[in-house]
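**Student:**
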Amino acid sequence: MNKVLILDFKGQYCQLIARRVRDLNVYSKILPADTGLEDIRKEEPGAIIFTGGPDSVYEEGALTIDKGIFKMGIPILGICYGAQLMAHLLGGKVAKADPSQSEYGRAEASFCDSALFKGLDKGIVWMSHTDYIEALPEGFKVCATTANCATAAIANEEKKLYGTQFHPEVQHTEHFKEIMKNFLFEVAKLTPDWTNENFIERSTEEIRAQIGDGHAILGLSGGVDSSVAAALVERAIGDRLTCIFVDHGLLRAGEAEEVEQVFKEKFSVKFIKIDARKRFLDKLQGITEPEQKRKIIGEEFIRVFEDAKKEAKGAKFLVQGTIYPDVVESGAKKEDVIKSHHNVGGLPEDVDFTIVEPLRNLFKDEVRSVGEKLGLPHHMVHRHPFPGPGLGIRVIGEITEEKLDILRRVDKIFIGMLHEKNLYDKIWQAFAVLPDIKTVGVQGDKRTYSYMVALRAVNSIDAMTAESYPFDFDFLTEAQNRIINEVPEVNRVVYDITSKPPGTIEWE
Ligand code: XMP
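All residue numbers for the sequence shown refer to our numbering, where the first residue is 4 and numbers rise by one.
1. Quick test of your reading: Ala-526 and Ile-157, contact by CB under 8 Å. State the CB separation rounded to the nearest angstrom.
2. For a test of the three-state rule: what should DSSP assign to Ser-471, helix, strand or coil?
3. Alpha carbon to alpha carbon, what distance is there between Leu-437 and Leu-410?
4. Please name the residue, chosen from Thr-38, Ser-59, Asn-151 and Leu-458, that lies closest to Ile-51 on a Cα-to-Cα basis.
5. According to the neighbour-count rule (16 or more other Cβ atoms, all chains shown, within 10 Å of its Cβ), is Arg-450 buried or exposed?
6. Of all the options Ala-318, Lys-313, Asp-278 and Ala-315, which has the alpha carbon lying nearest to the alpha carbon of Glu-303?
7. Give me the DSSP bridge partner(s) of Gly-126.
8. Quick one: give me the first and last residue of the alpha helix (DSSP H) that Val-7 is part of.
9. Counting Cβ pairs closer than 8 Å, one from the region 455-463 and one from the region 488-500, do we hit at least three?
10. Using the C-alpha atoms, what's the distance from Glu-177 back to Ser-372?
11. Check for me: the alpha helix (DSSP H) holding Thr-207 runs from which residue to which?
12. Where Asn-462 and Glu-470 are concerned, what is the direct C-alpha to C-alpha distance, given to the nearest angstrom?
13. Leaving out five residues on either side along the sequence, give the residues of the same chain with a beta carbon under 6 Å from the beta carbon of Gln-18.
14. If you draw a straight line from the C-alpha of Glu-489 to the C-alpha of Ser-453, how long is it?
15. Is it true that the region 321-331 meets the region 355-371, where meeting means three or more beta-carbon pairs spaced less than 8 Å apart?
16. Taking the DSSP output, what are the residues bridged to His-132?
17. Drop a sphere of 10 angstroms on the beta-carbon of Lys-406, count the other beta-carbons inside from all chains shown, and report buried for 16 or more, exposed for fewer.
18. Tell me the rounded alpha-carbon separation between Gln-288 and Ala-256.
19. Who pairs with Asn-159 in a beta bridge, going by DSSP?
20. What are the boundary residues of the alpha helix (DSSP H) that Leu-410 is part of?
21. Ile-275 to Val-262, Cα distance in whole Å?
22. Can you check which of these residues, Lys-503, Asp-196, Cys-246 and Gly-166, is closest to Phe-270 by C-alpha distance?
23. Going straight from the alpha carbon of Asp-285 to that of Leu-187, what length do you get?
24. Please classify Ile-68: is it buried, with 16 or more other beta-carbons within 10 angstroms of its beta-carbon, or exposed?
25. Taking only the alpha-carbon atoms, compute the straight-line gap between Val-347 and Ala-147 and give it to the nearest angstrom.
26. Give the straight-line distance between the Cα atoms of Lys-337 and Glu-141, rounded to the nearest whole angstrom.
27. Please identify the residue among Asp-408, Asn-494, Asn-159 and Ile-416 whose C-alpha is closest to the C-alpha of Gly-447.
28. When DSSP labels each residue in this structure, what does Phe-478 get in the three-state scheme?
This is how it looks when you write it as structure tokens:
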């Protein structure tokens with residue numbers, strides 16, 4: 004399989020570059036910039052991309068790479084810092100641009116004759132840099148310029164080394180798709196073999212190879228990821244898969260029943276529902292710290308599965324619906340952890356299973372399209388994401404039965420309204436949150452002192468960044484009315500307009 008390796012110099016668009024490559028049906032993998040040459044060689048990449056990054060090549064401690072990479076005969080595209088680093092390491096000169104020459108935002112570029120810009124002569128590009136390439140390394144030529152930047156792109160066509168000062172991965176660059184296409188197919192001569200069909204075939208083989216004639220269990224949540232993982236693993240090992248649905252008491256209204264019904268109808272796998280509500284809530288009693296809640300829920304999940312093992316013919320494998328953003332956000336290094344996603348970072352160290360993660364390399368929209376290809380129903384594949392720790396991270400502060408019950412009723416009204424008004428499919432994820440706050444209100448001339456709830460709706464491509472959904476004020480007013488009238492414990496409704504970053508999608 005063709006593979007593009009993306010070396011991450013801590014650039015903000017690293018994930019986006021990976022997505023752009025995959026959108027062109029070539030598999031991409033992100034590795035930290037300090038990966039050794041031997042490990043890079045082992046990956047057998049057909050092309051390499053250096054991301055941008057916050058450093059300046061001439062500063063001490065700036066991220067760098069072994070020069071030997073340029074001798075491997077692999078086509079390389081350096082973007083922004085990546086381009087400067089390439090120029091710097093190969094004997095060119097990088098300097099700080101005069102502040103009047105720093106470029107942020109759009110600029111018009113003229114392209115010269117180069118494989119990277121085949122079929123293009125000019126176009127808007129997206130700049131974001133304070134340094135620039137002042138002198139080219141030997142063997143390089145300029146192949147794009149802007150009014151403020153004489154070296155907007157450089158190339159050594161013979162060695163297939165390219166650098167762009169601008170960001171060809173962002174949508175604001177007019178010909179972003181053509182430039183990426185040119186790099187993958189004109190320069191690196193890759194084949195677009197990263198397709199759903201290929202993924203399903205390859206992944207089925209890998210699952211068979213990993214599980215052999217063993218048995219596996221899978222924790223089904225009814226969400227997209229675990230459902231698609233179930234369908235894939237069922238394809239690979241058939242009835243040696245047992246799906247276990249844990250009702251941890253942190254589910255939404257009617258969810259347990261719905262999941263059971265869909266899975267019993269649609270799948271031939273063994274389906275076991277475990278009522279662990281008391282177990283989880285007992286463990287969570289008095290706990291208010293979000294990371295502690297996540298760890299407890301993650302750990303308890305594993306313990307419940309271990310107990311379920313007896314019913315699953317001593318399964319040694321546990322299938323998880325971990326997807327790529329979960330892997331990245333749970334952090335390769337401990338200090339990078341943003342949140343411990345319960346299906347990755349929240350696992351206890353002494354897990355008594357071998358973990359199988361067939362979706363570990365997929366972005367969410369790739370999971371959805373694989374799911375559809377596997378024949379899962381539309382409403383299941385296009386369901387909004389629901390986190391493993393469930394309402395446990397949407398009831399802020401201590402989790403109690405009373406608060407869970409209030410939140411369920413509020414969430415049901417809000418989500419129901421989205422369906423009624425045909426908004427559900429236009430929104431990436433929506434839910435209600437119960438902050439640990441009571442406020443004073445007045446209803447029927449009487450003072451009330453009741454809960455405040457927050458509504459959250461965001462749009463996102465892969466959960467790495469998100470924007471709050473711009474509802475009509477009428478919609479929000481109606482939601483507020485219905486919630487307060489139908490849920491007597493609530494007297495105030497707020498709408499969360501925070502984007503990610505700086506917020507995260509969930510509140511905890
Ligand atoms: P955040 O809150 O980190 O969420 O911006 C990003 C996406 O991930 C979901 N999420 C989780 N999913 N286990 C999951 O399977 C988890 O522990 C978890 N925490 C957050 C969240 O709902 C959003 O879609």
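In this text, a Cβ means the ideal position worked out from N, Cα and C, and glycines have one as well. All figures in this text were calculated on a predicted structure; none of them were measured in a lab.
**Tutor:** Short version:
1. For the chain, the structure presents residues 4 to 511; residue 526 sits outside this window and is missing.
2. strand
3. 6 Å
4. Thr-38
5. Per the 10 Å Cβ criterion, exposed.
6. Asp-278
7. Ala-112
8. Careful: Val-7 lies outside any alpha helix (DSSP H), inside the beta strand (DSSP E) at 6-11.
9. yes
10. 27 Å
11. 199-214
12. 5 Å
13. Here Gln-18 has Met-467 as same chain residues with Cβ atoms under 6 Å from its own Cβ, once five neighbours each way along the sequence are excluded.
14. Glu-489 and Ser-453: Cα-Cα distance of roughly 14 Å.
15. yes
16. Glu-106.
17. buried
18. Between Gln-288 and Ala-256, the C-alpha separation is close to 21 Å.
19. Leu-164
20. 404-423
21. 11 Å
22. Cys-246
23. Taking the straight line joining both Cα atoms gives about 54 Å.
24. Buried: at least 16 other Cβ atoms inside 10 Å.
25. Low confidence applies here, because Val-347 scores a pLDDT of 42, under 50, leaving its location unreliable and the question unanswered by this model.
26. Note that Lys-337 has pLDDT 39, beneath the 50 cutoff, so the model's placement of it is unreliable and no number is given.
27. The shortest Cα separation from Gly-447 among Asp-408, Asn-494, Asn-159 and Ile-416 belongs to Asn-494.
28. helix
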